[in-house]
Amino acid sequence: MTRSLHGRATRSALTYVCILVATLTAIVWVRSDAHSAPAACSLAGGDHKVAASPGAALLAASDADLNRELSVAKDLGMWAVRLDVDWSVVEPRRGQRNWAPIDRVVNAVVAHGMCPLGLVTYTPLWAARASDFPRNSHYRPADPNVFASFAAAAAQRYAESIAVWEIWNEPNLANYWLPRANAGEYGRLLAASYAAIKSAVPGAAVVSGGLAPGVDNGRDIAPLTFVRTMYQSGFNRSLDALGVHPYTYPALPNDPAAASWSTAARMWDMRDVMVAAGDGDKKIWMTEFGAPTGTGTNAVSEDVQAQSIAIAIGAQTDAPWLGPLFVYSLRDAGTDPNNLEHNFGLVRRDWSPKQAYTMLASR
20 MTRSLHGRAT RSALTYVCIL VATLTAIVWV RSDAHSAPAA CSLAGGDHKV
70 AASPGAALLA ASDADLNREL SVAKDLGMWA VRLDVDWSVV EPRRGQRNWA
120 PIDRVVNAVV AHGMCPLGLV TYTPLWAARA SDFPRNSHYR PADPNVFASF
170 AAAAAQRYAE SIAVWEIWNE PNLANYWLPR ANAGEYGRLL AASYAAIKSA
220 VPGAAVVSGG LAPGVDNGRD IAPLTFVRTM YQSGFNRSLD ALGVHPYTYP
270 ALPNDPAAAS WSTAARMWDM RDVMVAAGDG DKKIWMTEFG APTGTGTNAV
320 SEDVQAQSIA IAIGAQTDAP WLGPLFVYSL RDAGTDPNNL EHNFGLVRRD
370 WSPKQAYTML ASR
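According to my numbering, the residues represented by the sequence shown are 20 to 382, in order.
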């Protein structure tokens with residue numbers, strides 16, 4: 020992934036300031052007195068690191084499977100594990116929070132000597148708009164400040180373990196920001212969450228929600244378009260790193276034929292937007308990346324899966340402004356070779372290794 024393979028912000032400091040003031044007026048936070056997360060888990064701690072993004076299924080895994088999956092990550096020398104701090108799971112009824120599922124996974128990640136990346140995301144049904152139908156946790160929250168309140172509570176609860184928080188998952192896709200993607204709406208959620216988290220835990224860092232491959236079609240928004248809109252509106256002031264999901268399958272990340280749609284190639288253009296706005300010191304975090312094996316449409320061979328991950332790791336060296344790479348995922352989610360979502364793992368469902376596992380183990 021190099022620039023040769025194809026790979027201002029002016030408007031609206033006022034918009035950003037108004038949102039920040041409104042957020043801090045509506046929500047008053049008490050700073051955390053807890054000890055901070057280890058320095059190794061900080062934003063800078065992720066430089067040139069490889070990490071894991073196992074997906075939401077980790078919350079439902081048995082204790083035995085959870086520990087075995089985390090052992091896979093640890094054995095591969097992975098730095099961190101991205102885990103869902105799903106608001107709809109923790110607080111399905113307003114004011115009744117059950118942190119136990121998150122506690123279990125956070126504690127297990129720490130016990131295995133890795134850093135948790137907290138992905139705070141999704142919406143309980145009570146926090147969506149009344150008109151949102153069918154009922155779905157992927158609708159954007161009706162009130163960004165209520166989401167921000169939850170994000171701050173999570174940051175404070177896990178202040179000793181989680182140093183970096185990612186706000187939402189793939190907000191440029193309608194499937195994850197129903198009923199349609201909207202960079203302004205997401206930017207307001209990000210700004211509210213950033214202010215709330217920083218007030219609760221001043222040393223915490225915030226990564227914007229990882230942007231997935233997509234096109235401008237009225238429902239989804241292309242990642243580069245989304246980044247430009249966020250920067251034009253001043254929402255870059257509410258991120259410490261930019262999250263991207265640079266999937267390119269079935270093509271390799273450095274395939275020139277895929278440059279017109281490849282999110283990997285577009286990261287260099289996103290970087291230009293960041294530098295032009297004075298954000299040259301901020302990095303792009305690849306909070307999901309991988310490729311599915313199997314026989315489904317757009318699936319790849321095990322060799323191409325391994326090559327894709329190796330190329331992305333090489334890009335971290337070639338482009339020092341790239342932060343950590345979170346590989347999606349560790350273990351196959353199922354056994355149907357035609358189902359892409361069943362086949363992103365580095366190991367199969369029976370725990371046998373794929374070529375990508377062997378490649379990572381030999382680094």
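No residue lacks a Cβ here, since even glycine has one placed at the ideal position from N, Cα and C.
| query | result |
| --- | --- |
| Please classify T316 as buried or exposed, where buried requires at least 16 neighbouring CB atoms within 10 angstroms. | exposed |
| Does the distance from the C-beta atom of Q324 to that of A334 stay below 7 angstroms? | no |
| Kindly list the residues whose CB is nearer than 7 angstroms to the CB of E360, restricted to its own chain and excluding five residues on each side of it in sequence; keep chain order. | A352 |
| How many whole angstroms separate the CB atoms of P343 and A99, which I take to be in contact at a CB cut-off of 8 angstroms? | 7 angstroms |
| Can the beta-carbon of V246 be found closer than 7 angstroms to that of M289? | yes |
| Check whether the Cβ atoms of G432 and S348 lie closer than 7 angstroms to each other. | The structure shown does not extend to residue 432, since the chain spans only 20 to 382, so no value can be given for it. |
| Going by other Cβ atoms of all chains shown within 10 Å of its Cβ, with 16 needed for buried, is D105 buried or exposed? | buried |
| Looking at C-alpha atoms only, which residue of W370, I332, F345 and S55 is the closest neighbour of I181? | S55 |
| Where DSSP assigns a beta bridge to T140, which residues make up the other side? | D105 |
| Are the CB atoms of A147 and A211 nearer to each other than 7 angstroms? | no |
| Count the CB pairs spanning the segment 217 to 225 and the segment 264 to 284 that are closer than 8 angstroms, and state whether there are at least three. | no |
| On the DSSP bridge assignment, give the partners of L243 in chain order. | According to DSSP, L243 bridges with nothing at all. |
| I need the straight-line Cα distance from A170 to R285, nearest angstrom please. | 29 angstroms |
| Indicate the three-state DSSP secondary structure (helix, strand or coil) for P343 in the structure shown. | strand |
| Compute the distance between the beta-carbons of P111 and P163, then report whether it is under 7 angstroms. | no |
| Hey, could you find the ends of the alpha helix (DSSP H) W287 is sitting in? | T282 to A295 |
| Going straight from the alpha carbon of H131 to that of A260, what length do you get? | 26 angstroms |
| Grouping DSSP H, G and I as helix and E and B as strand, with all else coil, what is F308? | strand |
| Nearest to L209 by CA position, among A178, L78 and V139, is which residue? | V139 |
| Would W196 pass as a contact of R159 if the rule is Cβ separation under 7 angstroms? | yes |
| Just to confirm my understanding: we take E88, look at its own chain, exclude 5 residues before and 5 after, and list those with CB closer than 8 angstroms. What are they? | P73, L77, A80, L349 and R350 |
| Which stretch, first to last residue, makes up the beta strand (DSSP E) that contains L261? | A260 to V263 |
| Roughly how many whole angstroms lie between the Cα atoms of P135 and S218? | 21 angstroms |
| Just checking my contact of G233 with E307 at CB under 8 angstroms: how many whole Å lie between their CB atoms? | No, G233 and E307 are not in contact; Cβ-Cβ is about 14 angstroms, not under 8 angstroms. |
| Near N384, which residues of its chain fall below 7 angstroms by C-beta distance, leaving aside the five closest residues on each side in sequence? | What the structure shows of the chain is the stretch from 20 to 382, and residue 384 is not part of that stretch, so it cannot be assessed. |
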